[in-house]
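Data block below; observations after.
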Amino acid sequence: MGMTASFALLVEGHQLVRMDATTILEDAGFRVLDVATGDAALDILRQHGRALTLLFTSVGLTGELNGFALARKVASDYPNISIVVASGHYQPAPGDLPDSACFIPKPFSAGIVREHLRRIIPDEKKPASLG
């Protein structure tokens with residue numbers, strides 16, 4: 005395990021869900037940058053994309069990009085970032101999600117999120133508390 009912090013970008017429009025997801029990700033060992041829109045997420049990606057380990061995004065977002073489009077952009081522009089997409093309303097259709105991303109239905113539990121993170125984040129980038 006490196007000593008450098010692992011950063012997660014969390015994109016979620018509902019404040020309570022965002023707080024909940026922030027807690028789950030922090031408990032898993034991430035420093036969390038949380039934003040409410042895809043547009044705000046793009047700003048953070050432009051500044052810090054190379055330093056991020058994880059994108060955790062909801063599908064339903066205000067602004068130009070929904071979570072599927074954001075995930076596809078991140079997969080093509082920032083292959084260093086692992087991607088989790090969550091939704092209670094949408095199921096991914098073929099082509100919605102990049103191959104590298106995983107989808108979690110809402111509501112999600114901390115256990116489910118951690119299980120997916122353990123699977124998709126490369127060992128050398130896993131926060132120690134994710135195990």
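Going letter by letter, the sequence shown gives residues 5 to 135 in my numbering. We put the beta carbon where it would ideally sit given N, CA and C, even for glycine.
Considering only C-alpha positions, which residue in the set Ser113, Arg50, Val88 is nearest to Ala123? The identity of residue 123 in the sequence shown is Arg, whereas the question assumes Ala. Ranking the options by Cα distance to Arg123, first place goes to Val88.
By Cβ distance below 7 Å, which residues in the same chain neighbour Phe72 in space, the five residues on each side in sequence not counted? Val63, Val89, Pro96, Asp100, Leu101
Any idea if Gly33 is buried or exposed, counting beta-carbon neighbours within 10 angstroms, 16 or more meaning buried? buried
For Asp100, does the three-state DSSP call read helix, strand or coil? coil
Among all the DSSP beta bridges, which residues are the ones paired with Phe11? Arg35, Leu56
Pull up the distance between the alpha-carbon of Ser104 and that of Arg76, whole angstroms please. Straight-line spacing of the CA atoms in Ser104 and Arg76 works out to 9 Å.
Spell out the partners DSSP gives Ser91 in its beta bridges. Pro109
Taking Thr41 as the reference, which of Phe11, Lys129, Leu59 has the closest Cα? Among Phe11, Lys129, Leu59, the Cα nearest to that of Thr41 is on Leu59.
Please classify Pro111 as buried or exposed, where buried requires at least 16 other C-beta atoms within 10 Å of its C-beta. Classification for Pro111: exposed.
Determine the burial state of Arg22: buried for a count of at least 16 other Cβ atoms within 10 Å of its Cβ, exposed for fewer. buried
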